[in-house]
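Right, one structure below, let's go through it.
Structure follows, in structure tokens:
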């Protein structure tokens with residue numbers, strides 16, 4: 009392990025995976041569950057999504073310690089129809105429930121061509137693109153979503169009643185890079201508004217509202233208020249559809265019924281997720297698919313850039329390039345996260 | 009038929025349906041196909057989506073007359089896997105291919121709980137919410153999308169390489185109103201920019217770019233340029249995912265391979281669509297679903313509105329209220345559209 013900057017360190021993937029496993033094992037989880045959980049979080053770190061990677065040990069660890077999350081869940085998997093799976097996560101860690109649900113969905117999609125798996129009784133989902141990548145590597149196109157703690161006001165409303173629910177898509181490319189999209193429904197993350205405040209800048213009036221639900225250019229007012237969804241009523245509608253599939257149809261909690269992991273860390277969140285997987289091997293040969301995927305990407309990337317220094321990119325390209333680089337050269341991790349993992353591991 | 013305004017007339021649904029049928033029958037279509045087509049377009053008019061209703065007779069009629077669209081398609085439906093349907097639309101009218109594909113998807117979803125149907129060899133899709141409503145009325149939750157003629161530049165690019173692809177969601181409510189979302193990926197429609205130009209107003213710099221791909225507040229420059237997607241790179245990614253499912257995976261044309269119905273009306277577009285349907289009867293009783301759907305809507309609508317004169321609404325609410333009112337009181341149609349339908353019907 010080398011020190012790259014004062015606050016960051018470089019660590020190899022296998023080392024990070026092993027350290028993560030040791031930490032979660034000490035928190036009472038099973039060997040298989042720590043494997044699944046660490047796999048998803050390390051993939052997030054490899055993609056450069058550090059807020060959704062092993063830094064989550066902070067909140068997951070707290071909640072596991074006080075029993076807010078069940079460290080030894082008995083996850084139940086049921087076939088509700090030939091190609092519909094219902095999963096009861098028994099209040100396990102989100103990515104543990106997520107991986108179990110993804111695996112069940114891939115199995116059913118192999119049999120029927122498409123399957124949907126609904127999870128309930130889960131917790132904070134973690135990042136979506138790791139699941140999409142695992143599915144794409146096995147030839148599945150995917151639509152994956154989760155609901156989340158409420159942080160957004162309904163369009164035209166003035167209190168938090170829906171979550172900044174993430175939605176992801178993946179399309180495999182057997183001889184190249186898949187397309188991966190992992191998006192939350194807000195125009196920007198709160199961190200970007202905090203930065204504007206720090207530098208004394210105004211924000212565009214499309215980023216957030218004040219506490220009364222009125223659009224604002226004042227970052228301080230926006231931090232006291234609510235994030236705005238992309239495209240106004242469009243993003244509002246999209247966030248609701250994700251919650252309808254992930255929470256309502258899955259028989260999990262939805263909207264304000266979801267418990268906040270921050271305000272009530274000792275209580276089950278009863279979050280829900282959904283995974284729709286399509287087996288692309290049923291649609292054509294891998295050569296057919298790869299040729300089309302490469303052509304599709306080339307058409308986009310050949311558009312002359314508006315700013316010559318910024319070539320056109322396609323969804324997932326930056327994250328996949330980072331993953332490749334960090335798999336080779338090691339992963340850049342904050343020293344704090346590594347320290348916390350070691351503390352939990354008792355090292 | 010009563011005259012309501014100089015340019016609009018009121019016509020009953022059954023009358024409009026019959027008139028639409030007579031017009032398309034004279035264009036050489038079969039009785040069943042005109043039924044399907046007119047059903048979708050009249051639903052659009054009932055919803056108040058007049059640009060996607062029977063006014064489409066103008067472009068559909070032109071293209072049917074010159075053979076750009078096949079008036080007598082032999083639509084082929086194939087099972088690619090137990091729950092995957094592949095449809096070859098044989099260059100039929102979009103909503104004819106769409107309805108045939110929707111019906112095949114509902115049949116397979118009844119059997120397996122979920123199904124996906126991919127259509128290729130199709131044309132301009134028409135509106136999405138009519139399909140979502142038909143599915144919801146039969147208890148299916150849906151995710152439906154189509155690709156479209158290229159009008160949008162890739163994010164950071166400077167020429168039109170992707171379509172303003174529509175994406176729709178529907179969730180049924182057995183004892184109340186379903187949730188319906190029907191959205192294109194641009195922040196606004198071009199008509200809104202044309203209006204700003206007409207009134208000499210500037211536009212927000214999030215609506216469009218100039219011809220070189222740079223964001224602009226000048227409506228004239230934006231009309232010479234490209235529409236911007238919602239949420240910038242997020243809407244760009246979402247539009248691509250719709251095209252990947254609707255065009256690439258369906259084996260239809262995609263991106264710049266799609267022919268424009270405006271520039272090449274005499275050529276097949278080879279558009280693609282996808283329909284994902286989930287049979288909600290497999291998830292719980294209709295009472296269970298309705299109670300949750302009504303609770304879900306109430307939570308949102310009870311948020312105190314930022315502007316007291318504008319209560320919070322939920323997706324599809326305005327369109328469904330309009331449908332109910334126009335089913336009772338008659339549909340408001342432009343006299344021009346009615347005149348054109350009569351001309352085509354030879355009346």
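Protein chains in written order, with my numbering: chain A, 9 to 355; chain B, 9 to 355.
Even glycine gets a Cβ: it sits at the ideal position worked out from N, Cα and C.
For the stretch 169-196 of chain A, residues whose beta-carbon sits nearer than 7 Å to a beta-carbon of chain B comprise 169, 177, 179, 187, 189, 191, 195. Shown here, residue 98 of chain B sits in coil according to DSSP, grouped into three states, outside any helix or strand. The Cβ of residue 139 of chain B sits no closer than 9 Å to any Cβ of chain A.
Taking C-beta atoms under 8 Å as the contact rule, residue 102 of chain B and residue 78 of chain B fail to qualify, at a distance of about 12 Å.
Here the alpha carbons of residue 20 of chain B and residue 241 of chain B stand approximately 44 Å from one another. Interface annotation, residue 103 of chain B: not in contact with chain A, CB-CB separation never under 9 Å.
For residue 306 of chain B, the uninterrupted alpha helix (DSSP H) run begins and ends at 294-309, by DSSP.
In terms of Cβ geometry, residue 173 of chain B and residue 254 of chain B form a close pair [threshold 9 Å]. Spanning the alpha carbons of residue 96 of chain A and residue 291 of chain B requires a straight line of approximately 13 Å. A residue is called buried when at least 16 other Cβ atoms come within 10 angstroms of its Cβ; residue 215 of chain B meets this threshold and is buried. For residue 25 of chain B, the uninterrupted alpha helix (DSSP H) run begins and ends at 21-34, by DSSP. Between residue 300 of chain B and chain A, the shortest Cβ-Cβ separation is below 9 Å.
Here residue 224 of chain B is buried. Its C-beta has 16 or more other C-beta atoms within 10 Å. Three or more beta-carbon pairs drawn from the stretch 120-140 of chain B and the stretch 172-191 of chain B are found closer than 8 Å, and the two stretches are therefore classed as touching.
When 7 Å is used as the limit between beta carbons, residue 290 of chain A is near these residues of chain B: 88, 89, 92, in chain order. DSSP, reduced to helix, strand and coil, places residue 171 of chain B within a strand of the structure shown. DSSP, reduced to helix, strand and coil, places residue 250 of chain A within a helical segment of the structure shown. For a cut-off of 8 Å, the C-beta gap from residue 153 of chain B to residue 281 of chain B is around 7 Å, short enough to register as a contact. Linking residue 89 of chain A to residue 108 of chain A through their CA atoms gives a straight-line distance of about 18 Å. For residue 153 of chain A, the uninterrupted beta strand (DSSP E) run begins and ends at 148-154, by DSSP.
Secondary structure at residue 41 of chain B: helix, using DSSP grouped into helix, strand and coil.
Contact of residue 60 of chain A with chain B is not assigned, every C-beta pair being separated by 9 Å or more. Sequence-distant Cβ neighbours of residue 205 of chain B in its own chain, meaning closer than 8 Å and more than five residues away, are 227, 228, 231.
Flagged as an interface residue toward chain A: residue 162 of chain B, by a C-beta distance shorter than 9 Å. Annotation: residue 99 of chain B to residue 268 of chain A spans about 51 Å, alpha carbon to alpha carbon. Counting only Cβ-Cβ distances below 7 Å, residue 307 of chain B has contacts in chain A at 169, 263, 264, in chain order. Under the DSSP definition of a beta bridge, residue 285 of chain A partners with A:123, A:150. For residue 159 of chain A, the enclosing beta strand (DSSP E) has its first and last residue at 158-160. Straight-line measurement puts the Cα of residue 188 of chain A at about 27 Å from the Cα of residue 66 of chain A. Taking a Cβ-Cβ cut-off of 8 Å, the neighbours of residue 284 of chain A in chain B comprise 122, 151, 284, given in sequence order. Taking the Cα of residue 18 of chain A as reference, the smallest distance to any Cα among A:321, A:259, A:335 is reached at A:335. Residue environment analysis places residue 317 of chain B among the exposed positions, since fewer than 16 neighbouring C-beta atoms fall within 10 angstroms of its C-beta. In summary, the residues of the stretch 307-330 of chain B whose CB is separated from some CB of chain A by less than 9 Å are 307, 308, 309, 310, 311, 312, 313, 314, 315, 318, 319, 320, 321, 322, 323, 324, in the order they occur in the chain. With contacts defined as CB atoms closer than 9 Å, residue 155 of chain A and residue 171 of chain A qualify as a contacting pair. With the rule of 3 Cβ pairs closer than 8 Å, the stretch 233-247 of chain B counts as touching the stretch 191-201 of chain B. If you ignore the 5 residues before and after residue 213 of chain B, its C-beta comes within less than 7 Å of the C-beta of 223, 224, 225, all in its own chain and listed in chain order.
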